[in-house]
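Colleague: Residue numbering for the sequence shown is 507 to 1109, as defined by the working numbering. The structure under discussion is supplied below as structure tokens; questions concerning it will follow.
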Amino acid sequence: MPKKSPVKKKISGAKKSQTAAKPAAYRSTKGNKADAVLTEIIRNGVLSVTEEMKTNLTRTAYNPIIYEALDFTVGLYTAKGETVSIGLGLPSFIRGMAETIKAKLRHFGDDLAPGDILVTNDAYTTGSHLYHFTFTQPIFFDGKLTAFVCTMAHWNEVGGVLGAMTTDIYSEGIQIPIMKYQKAGVINQDLVEIIKMNVRIPDKAMGDLRAQITALKAGDKRFTELLARYGREQVLDAIRNIMDNSEAAARVRTRTIPDGVYEAESFMDDDGVDVGKRIPIRVKVIKKGDEMTIDLSEVGKQVRGFYNSGPSTGYGCAQVAYKCLTSPTDYPVNEGSLRPLKVILGDSTVVTAVRPAAMRVWMTVPMTVVDTVFKAMSQAIPGRTIAGHFADLVSGYVNGINPKDGRLFIGGTGGPMGGGWGAKMTEDGMSATVCQNDGDTHNAPCEQTEVKFPVLIRSHALRQDSGGPGRYRGGLGAEKVVQARCNVSVGTQMERVNCPPWGLEGGHSGMGNQVAMKIDGKDKDFVNGKVFNMRLKEGDTFTLRAGGGGGFGAPETREPERVARDVKQGYISNMAARETYRVACTDDGVLDLAETQRLRATA
């Protein structure tokens, strides 16, 4: 009797590859529990998924802020919106993307299907500003919602007023509520046309949009291949193992911190509207057993200017601080690594702003919050914290008509500039390194900036004496001088000019951030770092100066040989060596040990 052909069951929403046979080694022999070998395979597999998403986005984006500066993040999430793997760009996006997926789940409920792609740039959902378009694609397998892939990227321009202070969200650009960019594989062309009509450079915006969709499709394809090869339940069980292991490791490290209540305070200069009115940043850290609570309820109230961020960022900056304190390199970020942390937020603060608060410069406050958490924890674990860092993008915003092609341009300073990070108990701070909020972001090469925009980079160098003196010196900031080659409008939104990066254990503060201009040959300085639509003519220059990191320990205890080497390298001046470090040497770094001993004996 002939054998019957096997019945092929059609699975709604499944791809052909999803029904591929599983390797014999991973067929369910112990229920659905993934063993250690499979868990490690999946751990590396999910990291590869987000790395490929990241690579595809950078290779297909149109604006340098994405493909050069890497101002974006991609991620893989569970069907509940829990973080599985991050292709990290900006650390503060960790919570923002997860919360955005959860908000989309609440909005659509069961109204999700294969081929859907969801979108929003709502600042109060993402926690950031309207420039961050967030696209999310649900992944279905065996007819079940199994995961999400997501990408949040910075668009160069989204409408709104250009280069000026804003005091409400409506003046900052187009707002896209939570909706479907694509439904069952069909693009919402009406939405695309609305976006195109509301941005100044639509071809670049559409290019970046397509790049984000490309990243989503790569993530969908690669994660579906993992599911098809090893089985849906086995992969999900392995992900649960990964999160449980990360949680256990985080709890072990948390227990090494002495129990107690630790507090610290700093401030932001002002909100750009009420000039000189400080914004308090007060934090409290409560450590008990294997859990930590970070209380941000006393952070200053939301402000009239655009230095606000949403609750997702309030949670996010606490999570960044906790991850750095407990397991900075032990394992990648996932939901499990953050389970021992509780975050307390206040109402309507600069990290929990509500509509219609302006949000354009959301990124400055959270990195100072992280800095201040480190300051609080230096009381308990000085060996695992750092002194204050420069905490700003130190970026100028240039716009005008490019005489080369007669078209509007936006940009021209080469992206975020590096500054000084704080010293640690055992080593100097890093120099010319991007701020905490920006993680993996880069600045653009000077030559590339000059080719794309009508500016000339006159110099880009380390800023002498900017690092806070100490037994271990704070990192140095950088200085960039940019010359206009045509009439342009220039602005900066700089913070931490008047709240310089603090030192620890007797270390001195580093220099604060600073902006200056030379117009018609005359120098112009500013009381803070906030400049809006200043008109420059051809030949005028503006200078961006990044602050240095704070020092650790008393400067006069730094080894004289290290001070002399710093003088030789040009990191510190001979005068600073003598007056602050009490070290005598020549300008080329030849140490006078006898004079040094005399100076330190009389200090």
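Cβ atoms here follow ideal geometry from the backbone N, Cα and C, with glycine treated the same way. Since the structure is predicted, the reported quantities are computational estimates derived from the model, not experimental observations.
Quick one: complete beta strand (DSSP E) runs, 3+ long, within the stretch 836-861?
Modeller: Entirely contained in the stretch 836-861, the beta strand (DSSP E) runs reaching 3 residues are, in chain order, 847-851.
Colleague: Thinking C-beta only, is M936 closer than 8 Å to G981?
Modeller: Yes, they are a contact pair.
Colleague: Just grab the DSSP bridge partners of Q718 for me.
Modeller: DSSP, once it has assigned bridges, lists no residue as partnering Q718.
Colleague: Given a cut-off of 8 Å on the beta-carbon distance, is the pair T870 and F880 in contact?
Modeller: Contact flag unset, no.
Colleague: For Y736, count neighbouring Cβ atoms within 10 angstroms of its own Cβ and tell me buried if that reaches 16, exposed if not.
Modeller: Its Cβ being crowded by 16 or more others within 10 Å, Y736 is buried.
Colleague: Which same chain residues, not among the five before or five after S803, have their C-beta less than 7 Å away from its C-beta?
Modeller: So the list reads I850, L851 and G852, once near-sequence residues are dropped.
Colleague: Can you give me the start and stop residues for the beta strand (DSSP E) that E797 sits inside?
Modeller: Start and end: E797 to L802.
Colleague: Based on the DSSP secondary-structure assignment, which residues constitute the bridge partners of V773?
Modeller: Checking the sequence, you will find Phe at residue 773 rather than Val. P786, per the DSSP bridge assignment.
Colleague: Which word fits T1063, buried or exposed, when buried means at least 16 other C-beta atoms lie within 10 angstroms of its C-beta?
Modeller: Exposed.
Colleague: Can you grab the Cα-Cα spacing for the pair M749 / I592, in whole Å?
Modeller: Looking at the two C-alpha atoms, the distance is approximately 13 Å.
Colleague: Could you tell me the distance, in whole angstroms, from the CA atom of S534 to the CA atom of V543?
Modeller: Legend: pLDDT at S534 = 38, less than 50; position of this residue unreliable, value from coordinates given subsequently. So the alpha carbons of these two residues sit roughly 14 Å apart.
Colleague: Assuming contact is defined by CB atoms lying nearer than 8 Å, are H948 and A567 in contact in what I supplied?
Modeller: Against a cut-off of 8 Å, the Cβ pair of A567 and H948 comes out as no contact.
Colleague: Classify R601: buried if its beta carbon has 16 or more other beta carbons within 10 angstroms, exposed otherwise.
Modeller: Flag for R601 reads buried.
Colleague: Between the stretch 717-731 and the stretch 666-677, can you find at least three pairs of beta-carbon atoms closer than 8 Å?
Modeller: Output reads no: the stretch 717-731 does not touch the stretch 666-677.
Colleague: Opposite G918 in the DSSP bridges: which residues?
Modeller: DSSP, once it has assigned bridges, lists no residue as partnering G918.
Colleague: How long is the line joining the alpha carbons of L618 and A690, rounded to whole angstroms?
Modeller: Approximately 9 Å, taken between the alpha carbons.
Colleague: I need the DSSP call for D1031, collapsed to helix, strand or coil.
Modeller: Correct three-state label for D1031: strand.
Colleague: By DSSP's criteria, I623 is part of a beta bridge. Which residues make up the other side?
Modeller: In the DSSP output, where bridge partners are listed per residue, I623 has Q688.
Colleague: If you run the structure through DSSP and keep just helix, strand and coil, what is M873?
Modeller: Three-state result, M873: helix.
Colleague: In chain order, which beta strand (DSSP E) runs of at least 3 residues are fully inside the stretch 647-684?
Modeller: Runs found: 650-660.
Colleague: Of the residues V779, A1090 and Y813, which one's Cα is nearest the Cα of I787?
Modeller: Among V779, A1090 and Y813, the Cα nearest to that of I787 belongs to Y813.
Colleague: Hey, is G615 close to the ligand NAP, as in C-beta under 7 Å from one of its heavy atoms?
Modeller: The model depicted lacks the ligand NAP and carries no ligand whatsoever.
Colleague: How would you write the range of the beta strand (DSSP E) that I963 sits in, first residue to last?
Modeller: Here the beta strand (DSSP E) through I963 covers V961 to L968.
Colleague: Going by beta carbon distance, what residues of the same chain come within less than 6 Å of E605, once the five residues before and after it are set aside?
Modeller: Excluding positions up to five away in sequence, the list reads S818.
Colleague: Roughly how far, in whole angstroms, is the beta-carbon of G945 from the beta-carbon of G1055, given that I think they are within contact range, below 8 Å?
Modeller: So it is not a contact: roughly 17 Å between Cβ atoms.
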